[in-house]
Structures are given as C-alpha cells and as structure tokens.
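In this note's numbering, the protein residues as written are 4 to 209. Every residue gets a Cβ at the ideal spot worked out from N, C-alpha and C, and that includes glycine. Before any comments, here is the structure.
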Amino acid sequence: MAVQNPQRRNPWEPAVPEPQIRLTHADRDAVAEVLREAYSQGQLDEDEFGDRLDRAMRAKISGDLVPLTSDLGVSVSPGGAGQAPRTEGGRTDRKLTTENPMEKVGAAAGHLSAFFLPFLAPLVLLLVGGELSPYLRRQAMEALNFQLFCLVSAIVSVLLVWLVLPALVLVGVFLGWFILPIIAAAGVLMGRDWRYPLVYRLIKEN
4 MAVQNPQRRN
14 PWEPAVPEPQ
24 IRLTHADRDA
34 VAEVLREAYS
44 QGQLDEDEFG
54 DRLDRAMRAK
64 ISGDLVPLTS
74 DLGVSVSPGG
84 AGQAPRTEGG
94 RTDRKLTTEN
104 PMEKVGAAAG
114 HLSAFFLPFL
124 APLVLLLVGG
134 ELSPYLRRQA
144 MEALNFQLFC
154 LVSAIVSVLL
164 VWLVLPALVL
174 VGVFLGWFIL
184 PIIAAAGVLM
194 GRDWRYPLVY
204 RLIKEN
C-alpha cells in the first residue's frame, strides 16, 4: 500500500493562504497618495476620501488596503499597496505633493521653525500630524533631519575649528541654516516635495 505524503494537498483542496506582511509608514503613505490623486481627479468624493484615508492610516497588513484601492485601478501587492520603489537606504522614491492649504502651511511652519522652535516644532508635527498627512510627515521629517544635521555639523566643526576645512564647513552650516529653510518654506507653500541638498538624514523612513 502506498503511503501518502501528509504534506501534499489534493488538487481540490484550497491552497493555504500566505501570511500577510505587516505594513510600514512608507506603505501607508503610498496608498494615501493614491487616494489623494483619486480624490483630485473626482474618483472619490470628500466623505469617501476621508473614510478611506483614515482606514489606510490604521491599516496593519497589506490585505487591509485591498478594498481601498481595488476600484481605482490600482493593484495591491504584498508588503504595500501602490508602493513606490525604494533606494538602498530604504527611502521611498515617490514624490509627495499636495494642494491642501493646511498641509502647505503646516509644512512651511516646520521648515521655518529653525528660526523660532528648532527641533521641537518639526518633531511635534511629525508625531501629531504625520499619521494624518503623508505630505506633512515627509516635510516634518525633512525639516528635523536638516536641523539635526546642521547641529551635528556645527559641533564637529567647532571642535575641529583649528583646521581650515571645518571652519569653512561651519560658515556653510550657518549660511544654510538661515537661507535654506526660507527656500524650503517657499517650495512647500507651492505644494512641492522639498528635499534639502547635501544633507545626511539621521531619521529615515521605516
């Protein structure tokens, strides 16, 4: 008598479902941007957009996002829906833009906080508003990274100020601190995805 392999399934038996992958902030942000685009094109009304955005921000696994985008012509893959490709550092390459005036003003305040509440203001925006607005989260993280990078660069330059190069770096840091946040604020007030140049980002997307 042949012994049947207990691991082998009969053809008519349903396949064992694969485990769902836990979502990251980047996954939720990508789906939120898909919903935002659908809303701007009239595929979703205001109530539908708000409801789906809330569900997207509270989603835990990739399957939770399927019904949010299936009728918008966007497929959901394990590990994220509509997820943009990432670089080796894990940062999403997809640009986030906005037409929401409140998001623009909040993002601008985060960048300009370098002049009145450095570190604290972008951190609060990241923790409080970040879960509701992917755009605001991205810009608050960018502002916080810029301010942290300037602080670390200034400290290192002061410690090595007796060398010529660190002294020049220190001058560049001070000029950048007073000029770049103004340029960043102007950019986000136009709804653009602002990225500071030549900045090493200590805080990265999950």
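Query: Nearest candidate by alpha-carbon position, reference Thr-27, set Leu-129, Ala-189, Leu-192 and Ile-64; Result: Ile-64
Query: Of the residues Ala-187, Gly-179, Val-159 and Leu-151, the one placed nearest Ile-206, counting alpha carbons only; Result: Leu-151
Query: Beta carbon of Arg-204 nearer than 9 Å to that of Glu-145; Result: yes
Query: Distance, Pro-104 Cα to Arg-55 Cα; Result: 20 Å
Query: Inter-residue CB distance, Gly-113 and Pro-125 (contact presumed, cutoff 8 Å); Result: 4 Å
Query: Val-176 beta carbon less than 9 Å from that of Ala-157; Result: yes
Query: Simplified DSSP state of Arg-25, which is helix, strand or coil; Result: strand
Query: Span of the alpha helix (DSSP H), counted from its first residue to its last, around Ser-160; Result: 137-162
Query: Residue interval of the alpha helix (DSSP H) (run including Ala-124); Result: 123-131
Query: Alpha-carbon spacing of Leu-154 relative to Ile-24, whole angstroms; Result: 37 Å
Query: Collapsed DSSP secondary structure at Ile-64 in the structure displayed; Result: strand
Query: Whole-Å CB distance - Gly-194 paired with Thr-100, under 8 Å assumed; Result: 5 Å
Query: Pair within 9 Å by beta-carbon distance, Ala-111 and Leu-183; Result: no
Query: Burial state of Pro-200 (16 or more Cβ within 10 Å); Result: exposed
Query: Cα-Cα separation between Gly-45 and Gly-132, rounded to whole angstroms; Result: 25 Å
Query: Val-174, buried or exposed, once every other Cβ within 10 Å from all chains shown has been counted against 16; Result: exposed
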